[in-house]
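>
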Amino acid sequence: MTVRIVTASVLLIGTFAACKDSTSPAGTTGRMRIVNSVFQGAAVASAAPASIDVLIDSSTSGAGVAALAGASLSAGSASGQGAGTHTGAGAIFTAAGYRDVPSEIHSFVARVAGTSGPTSTFFEKSNGPYLPKQYILPFPYTFILAGVVPDTIPADSGAVAWAMIADDPFTPPADTVNGGLTARVQVINAAPMADTTGGGLGTNIDATFDDGAAGVYTTTASYRASSGYINPPAGNYTLTLASGSFVLFTGPVTLAKGEVRSFIVQSTAYAATPGPGNTKVTNLLDNQW
């Protein structure tokens with residue numbers, strides 16, 4: 206059974222309760238990985254990647270993390286191998302950066318590492334800080350923290366918006382031409398400096414997977430969001446990531462049958478002309494069927 210989730214909601218609980226086949230996530234444990242693409246500085250051009258604390262239910266232990274370095278991902282510490290049984294496979298969720306988080310309502314605080322107090326959080330509205338809460342299903346999520354914050358606290362309203370996406374590690378569709386399963390891939394856009402205006406506000410990133418023959422697969426990831434999944438057949442591809450006419454990345458990618466992968470795009474520095482020199486792409490295997 207294939208289940209695709211765009212956003213997590215309490216309304217989905219019944220869907221998972223009825224899902225009994227081997228693709229279901231096990232037990233009552235959710236998974237979460239954290240993407241840090243926060244910059245700090247007096248101006249966008251001088252801003253540098255910032256180390257951050259992420260508190261879940263007021264704690265940096267468990268799924269939370271203290272002093273997560275700039276332009277990096279959380280180190281995985283999840284139990285289990287993934288959303289299925291994979292003979293001989295390693296701990297896929299851990300390798301993909303996921304951490305265990307109980308399936309229930311959680312609160313979230315993110316801030317520059319070492320700061321404290323109610324006004325230190327990134328999550329600000331015009332009338333002050335707010336405390337995001339979300340019901341975490343027994344499902345993997347990617348928590349995106351991206352934006353440019355000032356040197357002073359509190360952060361500007363909306364500088365780092367709340368952005369949690371539900372990933373889909375479930376079985377890719379059948380490859381009706383080549384047999385077996387296709388691959389499944391998503392692109393996650395956490396690149397504030399891909400903004401071609403130089404404002405550090407992020408922008409759409411267009412992704413193209415080209416096998417050099419007749420197979421060209423395209424998708425677009427909005428800032429602080431996933432592109433959604435596309436399902437290319439297994440094979441060797443050239444991946445090109447572009448922001449308008451600016452090429453951020455190009456390189457070879459191999460996709461195997463039944464693989465579920467995420468390509469996470471981050472900025473590493475400001476650049477008047479965004480490109481490979483200020484872009485980091487992390488290729489993660491989220492599951493293997």
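Every position in the sequence shown, counted from 1, becomes a number in the numbering used here once 205 is added.
Glycine residues also receive a C-beta, built at the ideal position from the N, C-alpha and C atoms.
Give the secondary structure of asparagine 441 by DSSP, where H, G and I count as helix, E and B as strand, and everything else as coil.
Reading the sequence shown from its first residue, position 236 is the one you call residue 441. Strand at asparagine 441.
> Just how far apart, CA to CA, sit glycine 384 and asparagine 436?
Position 179 of the sequence shown, counted from the start, is the residue given in the question as residue 384. Position 231 of the sequence shown, counted from the start, is the residue given in the question as residue 436. Each residue's Cα considered, the two are about 14 Å apart.
> Once the 5 residues before and after leucine 490 are set aside, which same chain residues still bring their CB inside 8 Å of it?
Here the question's residue 490 lines up with position 285 in the sequence shown. So the qualifying residues of the chain are Ile297, Ala300, Ala301, Glu464, Val465 and Arg466.
> Report yes if the CB atom of alanine 255 is closer than 9 Å to the CB atom of valine 354, and no otherwise.
To locate residue 255, count along the sequence shown from 1; it is residue 50. To locate residue 354, count along the sequence shown from 1; it is residue 149. Cβ distance < 9 Å, so alanine 255 and valine 354 count as in contact.
> Can you confirm whether the region 447-458 touches the region 395-411 when touching is taken to mean that 3 or more C-beta pairs between the two stretches lie within less than 8 Å?
yes
> How would you call aspartate 149, buried or exposed, if buried means at least 16 neighbouring beta carbons within 10 angstroms?
Since the displayed the chain opens at 206 and closes at 494, residue 149 lies outside it and no answer follows.
> Count Cβ pairs between the region 250-267 and the region 309-318 that sit closer than 8 Å; are there 3 or more?
Cβ pair count under 8 Å is three or more, so yes.
> Report yes or no: do three or more beta-carbon pairs, one from the region 413-424 and one from the region 345-354, lie closer than 8 Å?
With a cut-off of 8 Å, the region 345-354 and the region 413-424 do not count as touching, because too few Cβ pairs lie within range.
> With 16 other CB atoms within 10 Å as the buried threshold, where does alanine 368 fall?
On the sequence shown, position 163 is the one that residue 368 refers to. Result: buried.
> To the nearest angstrom, how far is the alpha carbon of serine 229 from that of glycine 246?
Along the sequence shown, one-based indexing puts residue 229 at 24. Along the sequence shown, one-based indexing puts residue 246 at 41. Any reading at serine 229 needs caution, since the residue's pLDDT is 41, under 50, leaving its predicted position unreliable; the model's value is listed next. Per the coordinates, the alpha-carbon of serine 229 lies some 44 Å from the alpha-carbon of glycine 246.
> Assuming leucine 351 contacts proline 397 (C-beta within less than 8 Å), just tell me the rounded distance between them.
Position 146 of the sequence shown holds residue 351. Position 192 of the sequence shown holds residue 397. Sequence check: residue 351 is alanine here, not leucine. With 8 Å as the limit, alanine 351 and proline 397 qualify as a contact, their Cβ atoms being about 5 Å apart.
> Using 8 Å for Cβ pairs, my map puts valine 458 next to leucine 444. What's the rounded Cβ distance?
Against the sequence shown, residue 458 aligns to sequence position 253. Against the sequence shown, residue 444 aligns to sequence position 239. Correct: roughly 4 Å between the Cβ atoms.
> Would you identify the three-state DSSP class for valine 465, choosing helix, strand or coil?
Within the sequence shown, residue 465 is the residue found at index 260, counting from 1. Looking at valine 465 - three-state DSSP - the assignment turns out to be strand.
> With distance defined between alpha-carbon atoms, name the residue in Gly322, Thr413 and Ala439 nearest to proline 377.
Here residue 377 refers to the residue found at position 172 when the sequence shown is read from its first residue. Residue nearest to proline 377 within the set Gly322, Thr413 and Ala439 is Ala439 (criterion: CA-CA distance).
> Please state the DSSP three-state secondary structure of threonine 487.
Your numbering for residue 487 matches position 282 in the sequence shown. Note: threonine 487 maps to strand in three-state DSSP.
> Can the beta-carbon of threonine 326 be found closer than 9 Å to that of alanine 318?
Numbered from its first residue, the sequence shown carries residue 326 at position 121. Numbered from its first residue, the sequence shown carries residue 318 at position 113. Taking 9 Å as the Cβ cut-off, threonine 326 and alanine 318 do not qualify as a contacting pair.
> Quickly, what does DSSP pair alanine 247 with across the bridge? List them, please.
Within the sequence shown, the letter at position 42 stands for residue 247. Alanine 247 pairs with nothing; no bridge assigned.
> For the beta strand (DSSP E) holding alanine 477, just list the boundary residues, first then last.
Working through the sequence shown from its first residue, we reach residue 477 at position 272. First-last for alanine 477: undefined, no H or E at that position.
> Thinking glycine 405 and tyrosine 428 are a contact (beta carbons under 8 Å), I'd like their distance in whole angstroms, please.
The residue given as residue 405 occupies position 200 in the sequence shown. The residue given as residue 428 occupies position 223 in the sequence shown. With 8 Å as the limit, glycine 405 and tyrosine 428 do not qualify as a contact, their Cβ atoms being about 11 Å apart.
> What number of angstroms, rounded off, separates the C-alpha of glycine 281 from the C-alpha of isoleucine 239?
The residue given as residue 281 occupies position 76 in the sequence shown. The residue given as residue 239 occupies position 34 in the sequence shown. Approximately 9 Å, taken between the alpha carbons.
> Terminal residues of the continuous beta strand (DSSP E) containing alanine 426?
Translated into positions along the sequence shown, residue 426 becomes position 221. Note, alanine 426: beta strand (DSSP E), 421-426.
> Below 9 Å between beta carbons: does that hold for glycine 322 and isoleucine 358?
Within the sequence shown, numbered from 1, the residue matching residue 322 stands at position 117. Within the sequence shown, numbered from 1, the residue matching residue 358 stands at position 153. Yes, Cβ-Cβ distance for glycine 322 and isoleucine 358 is below 9 Å.
> According to DSSP, methionine 369 sits in a beta bridge with which residue or residues?
Against the sequence shown, residue 369 aligns to sequence position 164. DSSP, once it has assigned bridges, lists Phe348 as partnering methionine 369.
> To which residues does DSSP link proline 254 through a beta bridge?
Looking up residue 254 in the sequence shown gives position 49. The partner list for proline 254 (beta bridge, DSSP) reads Phe244.
> Assign lysine 330 to buried or exposed, taking buried as 16 or more other Cβ atoms, counted over all protein chains shown, within 10 Å of its Cβ.
In the sequence shown, counting from the first residue as 1, residue 330 sits at position 125. Exposed is the call here.
> Using the Cα positions of leucine 386 and asparagine 488, report the straight-line distance between them to the nearest angstrom.
To locate residue 386, count along the sequence shown from 1; it is residue 181. To locate residue 488, count along the sequence shown from 1; it is residue 283. Linking leucine 386 to asparagine 488 through their CA atoms gives a straight-line distance of about 20 Å.
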